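Chemist: Here our numbering is used: the first residue of the first sequence is 48, the next is one more, and so on. By construction, the Cβ of each residue, glycine as well, lies at the ideal position given by its N, Cα and C atoms. Note that the coordinates shown come from a computational prediction; the quantities given were computed from them, not determined experimentally. Here it is: the structure, laid out below.
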Amino acid sequence: MAATVSEILLDWYDRHARDLPWRAPPGTPAPEPYRVWLSEVMLQQTTVAAVKRYFRAFTERWPTVEALAAAPEEDVMAAWAGLGYYSRARNLVKCARAVADMGAFPSSEKQLRELPGLGDYTAAAIAAIAFDKRAVVVDANVERVVARLFAIGEPLPGARKAIRAKADTITPEARAGDFAQAMMDLGSSICTARDPKCLLCPLADECEGRKTGDPARLPVKAPKKAKPLRKGRAWWIERDAAVWLVRREGTGMLGGMRALPDDGWTARVDGEGGPDGEPLGLVRHGFTHFDLELSVERHDAPMGEGEWWPLDKLDEAGLPTLFAKAARLALA
DNA sequence: TAGCCGTGGTT
DNA sequence: TAACCAAGGCT
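Structure follows, in structure tokens:
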């Protein structure tokens, strides 16, 4: 009898699974839901290499969801600094508090999906990995593997429906969590976006994309729009070995994070107004949908609501990378 | 639904 | 090196 795709892949996973801090080895009991949830949220659009350090720091400081739920939001935001997509940190706190109120993480995909910060992917991943439920887990890796395996030539994002339907057909009843992680390991190490290693692929014989030509062309994506370059200013205000820091409002860009006072630049418009200070230099920073050229200027009086932050504890302030760069410039 | 939302590694 | 891209979610 011919082996199915899931059988081949699980067999491959049993031999080649990556050892990751949030992962239980194949065939061993599932990790705690808290660790699965935390890692999955951190891993949203973020590389394994970047997540490892933050995962260790968070689980050491907040070993349980109850501990995290009890933490001041600003501590969590500061601990998240540098990881990006800060709405994840805001929702992390909300979610931890909701789960603590409920007494435990829900185990069904549907209930998980209702928690803040959990979309289709993350809810399915937690249900499968932490609770051993059958769930169709589709992330960018799975999209790529499935698009190639079934030679789906329709461009993303339109192809998502077809990809999910095909992923459903190969998801096993048992070991759905291992299967999901196997697909992601395959996608990250072998069925890579560029230069896939088809000669090492356990699914090479089953792959329609390989049979019909060049699998690397799949999945087809819409061309990207050009990123505008925005200009802004930020002020370095130093007194008695302390610097003036503000907290950014709202849920927009870097919302909730500590920052230097700035002139209100956004993705759409350059900054405007403010005092002319002594120019300290330019910081160039790339965001998802625009690039920013930030002029850092020395100023002498506090601006807006804020706090004096001791320079010798600046790395504990939780500045997002843009402002960490600006601080580095000012202190150089 | 398409735009918004970070960052760092890889090629 | 500039471009691409990663275990997406929210609105």
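1. CB-CB under 7 Å to Trp109, same chain, minus the five flanking residues each way: which ones, in chain order?
2. What runs of the alpha helix (DSSP H), each 4 residues or longer, lie entirely inside the stretch 82–164?
3. Which residue or residues does DSSP assign as beta-bridge partners of Ala306?
4. How about Gly324 and Lys278: are their beta carbons less than 8 Å apart?
5. What does the alpha-carbon distance come out to for the pair Ala172 and Glu87?
6. Which partner residues of Ala281 appear in the DSSP bridge assignment?
7. So, at 7 Å on beta carbons, what are the nonlocal neighbours of Asp225 in its own chain, with the 5 sequence-adjacent residues on each side left out?
8. Kindly indicate the opening and closing residues of the beta strand (DSSP E) around Gly328.
9. If you measure between the beta carbons of Ala281 and Asp309, is that distance less than 8 Å?
10. Using the DSSP secondary-structure output, state which residues sit across from Arg286 in a beta bridge.
11. Can at least three beta-carbon pairs, one atom from the stretch 169–183 and one from the stretch 140–160, be found at a separation below 8 Å?
12. Could you check which residue in Gln91, Met89, Pro249, Tyr133 has the C-alpha nearest to that of Glu296?
13. To which residues of the same chain is Ala288 closer than 8 Å at the C-beta, ignoring the five residues directly before and after it?
14. Leaving out five residues on either side along the sequence, give the residues of the same chain with a beta carbon under 7 Å from the beta carbon of Ala182.
15. Taking Cβ positions, are Val189 and Gly256 nearer each other than 8 Å?
16. Report, in whole angstroms, the separation of the C-beta atoms of Leu327 and Glu344, which I expect to be a contact under 8 Å.
17. Who does Trp356 pair with in a DSSP beta bridge?
18. Can you give me the start and stop residues for the alpha helix (DSSP H) that Lys213 sits inside?
19. Spatial neighbours of Val98 within its chain, please: C-beta separation below 8 Å, excluding the five flanking residues on both sides.
20. Taking Met350 as the reference, which of Ala371, Ala379, Leu292, Met304 has the closest Cα?
21. Using DSSP bridges, identify the partner residues of Asp61.
Modeler: So, from the listed chains and residues:
1. Leu115, Ala118
2. 95–108, 112–117, 120–127, 134–149, 156–160
3. Val293
4. no
5. 8 Å
6. Asp309, Val343
7. Leu57, Tyr60, Pro73
8. 325–333
9. yes
10. Ala289
11. yes
12. Tyr133
13. Pro357, Leu358, Asp359
14. Glu156, Ala171, Ala174, Ala175, Ala223
15. no
16. 6 Å
17. Val290
18. 207–217
19. Ser86, Met89, Leu90, Leu130
20. Leu292
21. DSSP lists no partner for Asp61.
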